[in-house]
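Under my numbering, the first residue of the sequence shown carries the number -1, and numbering increases by one thereafter. To start, the structure itself, in structure tokens.
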Amino acid sequence: MAAGFLGVAHVGIVVDDLEEAVAATTPVAGGWSDILEWDTVVRFPDGSREERPVRFVTAASGPAHVKMIESAEGSVWAPTGGVQQLHHLTYWVPDIEEATAGLLATGRYRVEADGLEPDDSVRFRYLLNDLGLRIELGLLANKPGFDSWAAGGEHA
-1 MAAGFLGVAH VGIVVDDLEE AVAATTPVAG GWSDILEWDT VVRFPDGSRE
49 ERPVRFVTAA SGPAHVKMIE SAEGSVWAPT GGVQQLHHLT YWVPDIEEAT
99 AGLLATGRYR VEADGLEPDD SVRFRYLLND LGLRIELGLL ANKPGFDSWA
149 AGGEHA
């Protein structure tokens, strides 16, 4: 495993109807967190920005969690070809810029979008490889908040 990568943290899946997907998978998910709606800002490599509410939920079971994200037409969370699908694999990293540099150095990845904090610092980054697989780099400092939310607590 590449330096700084701590293993798959979660698998993100885009779904059309979050409540329906939660109800359909509750028997096998080991429980779900509360559905969180978050006004999310993403920045694209050309500098353009998009702000929209995003709804998502995570399975309580782990250590690699399943996260479902409600599709949002015209966004980075829109399913390709209108089909519900694997959206991303997330890895916690201590330094997003260093992990990004390592992936870019392979020549197989490009930055797709950055998820921003209110102060414009990068909270997460999506990268696409030449096979169409999306990797999310999540800042390790945010892992305790994610883990608390997954266990039924508040999301930080």
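All C-beta atoms, glycine included, are put in the ideal place defined by N, C-alpha and C. All values reported here derive from a predicted model rather than from experimental measurement.
Any heavy atom of the ligand NAP closer than 7 angstroms to the Cβ of V74? As presented, the structure is devoid of all ligands, the ligand NAP included, so that no description of it is given.
Beta-bridge partners of K141, as assigned by DSSP: Paired residue(s): none; K141 is not in a bridge.
Do three or more CB pairs link the segment 38 to 48 to the segment 12 to 19 at distances below 8 angstroms? no
So the alpha helix (DSSP H) G72 belongs to, where does it begin and stop? That residue, G72, is in no alpha helix (DSSP H); it is neither H nor E in DSSP.
For a minimum of 4 consecutive residues, which ranges assigned as the alpha helix (DSSP H) are wholly contained in the segment 6 to 94? 16 to 27
Confirm, please, whether the CB-CB distance from Y89 to V6 is below 8 angstroms. yes
With a CB to CB cut of under 8 angstroms and the five nearest residues on each side skipped, what residues in its chain are close to V9? A62, H63, V64, K65, L84, H86, L87 and T88
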